[in-house]
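All remarks here apply to the structure that follows.
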Amino acid sequence: MIKSKGERIYQIAINIILTVMCLLAVIPIWLMFMSSLTDNDVLISAGYHMFPTEFSLEAYRYLFAKGDEIGRSFLISVFITVVGTFASIVITPLLAYPLSRKDFCAHNVLSFVVFFTMLFNGGIVSGYIMWTQVFHIRNSIWALIIPGLMMNAFNVILMKNYFAQNIPPALIEAAKIDGAGEFYIFWKIILPLSLPILATVGLMVGIGYWNDWTNGLYYVTKTELFSLQNYLNRINQNIQFLASSTVAQSAGAGNTTLPSVSVRMAIAMVGCLPVMLLYPFFQKYFVKGITIGAVKG
Amino acid sequence: MDNRKSKAIRLKRQIPLFVMTVPGLIYLLVNNYFPMIGIFIAFKNIDYSKGIWASDWVGLDNFTYLFSTGSAWRITRNTILYNIAFIIIGTIVPIAVGIMLNDIRGKVRPRLYQTVILLPYLFSWVIISYIGFAFMSGDSGWLNNSLLPALGMEPVQWYSEPKVWPFILTFVNIWKGVGYSSIVYLASIVGIDKSYYEAATVEGANKRQQICYITLPLLKSTIVMLTIMSVGRIFYSDFGLFYQVPMNSGAIYETTQTIDTYVYHGLMELNDISMSSAASVYQSIVGFILVMAANILVRKVSPDDALF
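Residue numbers (the numbering used here), protein chains in the order written: chain L, 1 to 297; chain C, 298 to 605.
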């Protein structure tokens with residue numbers, strides 16, 4: 001293939017633009033990483049720098065030595081991510097599969113019941129009152145798992161479309177003629193054929209759980225139940241509190257003690273490291289999920 | 298008689314399928330449908346000591362109060378203007394990136410660029426607020442201690458300067474989302490038949506002409522669909538973006554507060570249920586009307602692109 005001059009210039013131009021975009025994505029992460037490696041005194045006197053003058057592993061050493069609170073919130077994050085994702089990956093296909101069956105008499109009605117939740121919702125306040133006043137979910141581990149995150153209409157529709165497009169009805173018919181029951185078919189035929197979509201949805205839900213801090217913000221005040229993101233958010237709230245009230249400052253800040261700046265950045269690194277480390281392995285499924293979602297069904 | 302019997306048998310055979318849907322339907326019922334009933338809260342003066350059911354009905358008082366304070370106008374304006382900016386820029390930039398990702402040559406580079414640009418999407422808003430603070434904090438932030446001095450500019454107190462926030466929030470939103478949306482567009486671009494471009498090249502069309510006359514027209518239906526979905530959600534805002542990135546700083550509410558952060562502020566920080574439930578129901582109802590309107594409009598203009 002002969003490359004024209006224009007094509008060569010175009011290739012150079014888009015390489016430059018995309019490189020700049022990659023730098024914009026990476027530099028902020030770099031600044032966070034470097035701050036966690038900066039000596040705390042330098043951080044306070046000289047501020048945040050891309051290349052710190054004084055490196056120190058003190059923040060990470062502190063996390064390992066005194067990090068039982070952080071360790072606990074890390075475990076809570078892991079727990080809610082595992083349990084929530086598992087529950088999601090059970091109930092989502094169970095609902096999506098019958099909806100994908102054209103011969104299921106209720107498939108239209110129930111599809112609408114699912115879809116309607118995308119059009120209309122009761123709002124934050126009534127949801128909050130229901131969870132706290134009717135289900136008394138406040139300060140329990142379920143508050144971090146159940147509200148909002150476990151299943152959404154988008155994922156149900158995504159799976160439903162996947163089943164409808166990838167599983168030939170003849171296969172189900174054949175299994176039925178052989179005497180297989182619906183649950184047997186679901187478990188032995190449908191699920192094994194749907195691993196890519198299960199991986200994709202599980203991944204998106206899992207990232208959602210790991211990164212969630214809103215449920216904790218609304219429903220959890222007990223620090224023993226904080227996930228890592230809630231822990232980070234609480235530090236943020238304390239910073240705001242100290243910044244806004246001079247009284248608290250002069251009174252020695254009362255009971256709000258802040259971890260040092262570099263420790264804060266180290267905790268933030270711990271908060272995003274698992275996702276970043278696993279990302280190369282699941283990127284394929286993640287991109288596939290976005291792509292399937294992009295195709296209208 | 299025979300017909301009815303076979304119908305009964307067919308229905309009986311479908312019982313397992315009904316059973317499968319039960320856990321998911323219960324979840325939707327509790328998580329999504331119960332709160333819809335809870336909308337009545339906005340028409341009551343909630344008093345926890347009496348309980349939700351026994352609290353007094355106040356009609357539209359909560360709404361009258363909300364609209365008389367002036368904050369209703371501010372949060373509506375902010376929510377809508379931000380969304381308009383996000384829709385316009387959030388369409389143009391990802392399409393440009395999608396086209397570039399599709400055109401880039403080589404085996405490793407396309408994947409590498411895609412991977413790196415998607416990274417910010419994986420971070421929680423809390424983490425992003427930490428990063429933002431490292432850039433923008435008053436005396437120690439990188440912008441004030443390195444970039445602005447290098448450009449010969451005065452330091453800015455970012456968290457108390459309302460003027461700068463429309464730009465910051467738009468930038469952060471695009472920065473976090475561009476990887477995701479560009480993959481959505483890339484998926485459509487990859488699906489375009491290569492022979493169109495070959496024919497165009499033979500006819501001597503340059504890159505710009507190919508983009509304007511082949512790529513963009515064929516992306517139209519994806520663009521329309523994503524735009525309707527965003528227009529339908531124009532009354533909603535990303536709570537994380539507007540709460541975490543400005544670090545909930547009261548000094549800049551004028552340009553950063555949206556309906557979602559207002560509802561949170563009222564409910565959790567001021568304990569003003571009447572006001573926040575009114576704002577929350579205002580959002581649900583107007584939001585619903587807008588989704589329906591957007592869809593009706595599209596069904597008129599190009600029926601194939603309508604959502605339902």
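C-beta: ideal position from N, C-alpha, C; glycine also.
With respect to the alpha helix (DSSP H) encompassing residue i, which residues constitute its N-terminal and C-terminal limits?
| i | result |
| --- | --- |
| Glu-379(L) | Examination of residue 379(L) is not possible in this model, given that chain L is present from 1 through 297 alone. |
| Tyr-559(C) | 556-561 |
| Ile-185(L) | 182-185 |
| Glu-451(C) | Counting along the chain, Glu-451(C) falls outside any alpha helix (DSSP H), and DSSP gives it neither H nor E. |
| Lys-66(L) | 58-66 |
| Arg-596(C) | 570-598 |
| Ile-197(L) | 195-211 |
| Gly-127(L) | 124-129 |
| Ala-106(L) | Taken as a continuous stretch (DSSP letters only), Ala-106(L) belongs to no alpha helix (DSSP H), as it is neither H nor E. |
| Tyr-22(L) | The displayed chain sequence assigns Cys, not Tyr, to residue 22(L). First-last of the alpha helix (DSSP H) with Cys-22(L): 5-36. |
| Glu-551(C) | 550-553 |
Just the Cα atoms here: how many angstroms apart are residue i and residue j?
| i | j | result |
| --- | --- | --- |
| Gly-252(L) | Leu-242(L) | Caution is warranted here: a pLDDT of 44 is assigned to Gly-252(L), below 50, making its placement in the model unreliable, and the coordinate value is therefore given only provisionally. One C-alpha to the other measures close to 10 Å. |
| Gly-84(L) | Ile-146(L) | 8 Å |
| Asn-108(L) | Phe-605(C) | 13 Å |
| Ile-124(L) | Ile-197(L) | 30 Å |
| Asn-300(C) | Ala-164(L) | 29 Å |
| Ala-590(C) | Val-528(C) | 10 Å |
| Lys-296(L) | Leu-193(L) | The pLDDT assigned to Lys-296(L) is 46, lower than 50, so where the model puts this residue is not dependable; a value taken from the coordinates is nonetheless given after this. Going by the C-alpha atoms only, they are around 21 Å apart. |
| Met-544(C) | Gly-438(C) | 14 Å |
| Ala-248(L) | Asn-238(L) | Caution is warranted here: a pLDDT of 46 is assigned to Ala-248(L), below 50, making its placement in the model unreliable, and no coordinate value can be reported. |
| Gly-449(C) | Ser-546(C) | 27 Å |
| Val-583(C) | Gln-11(L) | 46 Å |
| Leu-23(L) | His-49(L) | 16 Å |
| Arg-596(C) | Val-521(C) | 11 Å |
| Gly-148(L) | Asn-328(C) | 7 Å |
| Val-20(L) | Asp-490(C) | 30 Å |
| Gly-254(L) | Gly-67(L) | Caution applies to Gly-254(L), whose pLDDT of 45 falls short of 50 and renders its modelled position unreliable; the value that the coordinates give is listed next. Approximately 22 Å between the Cα atoms of the pair. |
| Phe-64(L) | Gly-6(L) | 56 Å |
| Leu-158(L) | Tyr-279(L) | 22 Å |
| Asn-40(L) | Glu-69(L) | 20 Å |
| Ser-250(L) | Lys-222(L) | Residue placement at Ser-250(L) is poorly supported in this model, since its pLDDT is 45, which falls under 50; the coordinates still yield a value, given next. So the alpha carbons of these two residues sit roughly 27 Å apart. |
| Val-287(L) | Ala-199(L) | 11 Å |
Is the Cβ-Cβ distance between residue i and residue j less than 7 Å?
| i | j | result |
| --- | --- | --- |
| Ile-531(C) | Asn-380(C) | yes |
| Phe-432(C) | Leu-440(C) | yes |
| Leu-203(L) | Phe-282(L) | yes |
| Ala-459(C) | Glu-551(C) | Before going on, a small fix: residue 459(C) reads as Pro here, not Ala. Result yes, Cβ atoms of Pro-459(C) and Glu-551(C) sit closer than 7 Å. |
| Pro-320(C) | Met-130(L) | no |
| Asp-557(C) | Ser-534(C) | yes |
| Val-413(C) | Ala-25(L) | yes |
| Leu-37(L) | Phe-55(L) | yes |
| Tyr-285(L) | Tyr-218(L) | no |
| Asn-215(L) | Ala-143(L) | yes |
| Tyr-97(L) | Phe-183(L) | no |
| Ile-428(C) | Pro-52(L) | no |
| Gln-554(C) | Ser-426(C) | no |
| Ile-549(C) | Trp-472(C) | no |
| Gly-395(C) | Leu-513(C) | no |
| Val-220(L) | Asn-139(L) | yes |
| Ser-262(L) | Ala-59(L) | yes |
| Ile-189(L) | Ala-174(L) | no |
| Val-481(C) | Ile-292(L) | no |
Shortest alpha-carbon distance to residue i belongs to which of the options?
| i | options | result |
| --- | --- | --- |
| Ile-44(L) | Met-265(L), Met-269(L), Gly-181(L) and Ile-17(L) | Met-265(L) |
| Val-78(L) | Thr-291(L), Ile-292(L), Tyr-285(L) and Leu-273(L) | Leu-273(L) |
| Ile-141(L) | Pro-28(L), Phe-120(L), Ser-227(L) and Asp-103(L) | Ser-227(L) |
| Leu-88(L) | Ser-260(L), Glu-69(L), Val-205(L) and Arg-234(L) | The question names Leu, but residue 88(L) is Ser in the sequence shown. Nearest option by C-alpha distance: Val-205(L). |
| Gly-208(L) | Val-220(L), Phe-154(L), Met-150(L) and Gly-179(L) | Met-150(L) |
| Asp-103(L) | Pro-169(L), Ala-175(L) and Asn-121(L) | Pro-169(L) |
| Gly-122(L) | Tyr-362(C), Gly-403(C) and Val-578(C) | Val-578(C) |
| Leu-332(L) | Asp-490(C), Ser-599(C), Asn-399(C) and Leu-587(C) | As shown, chain L starts at 1 and ends at 297. That puts residue 332(L) outside it, with no answer to give. |
| Leu-398(C) | Ser-479(C), Arg-310(C), Tyr-493(C) and Ile-372(C) | Ser-479(C) |
| Val-469(C) | Tyr-494(C), Ser-421(C), Tyr-493(C) and Lys-504(C) | Ser-421(C) |
Using 8 Å for Cβ pairs, my map puts residue i next to residue j. What's the rounded Cβ distance?
| i | j | result |
| --- | --- | --- |
| Val-423(C) | Leu-225(L) | That belief does not hold up - the Cβ atoms of Val-423(C) and Leu-225(L) are roughly 16 Å apart, past 8 Å. |
| Tyr-410(C) | Leu-18(L) | 5 Å |
| Ala-576(C) | Tyr-559(C) | 6 Å |
| Leu-110(L) | Leu-99(L) | 6 Å |
| Ser-352(C) | Asn-342(C) | 6 Å |
| Ile-14(L) | Ile-401(C) | 6 Å |
| Gly-271(L) | Gln-240(L) | Not really, about 19 Å apart at Cβ, beyond 8 Å. |
| Thr-524(C) | Thr-388(C) | 7 Å |
| Ala-393(C) | Thr-467(C) | Contact flag wrong, Cβ pair sits at about 16 Å. |
| Val-114(L) | Val-156(L) | 5 Å |
Consider the C-beta atom of residue i and the heavy atoms of the ligand MN; say whether any pair is separated by less than 6 Å.
| i | result |
| --- | --- |
| Ile-385(C) | As presented, the structure is devoid of all ligands, the ligand MN included, so that no description of it is given. |
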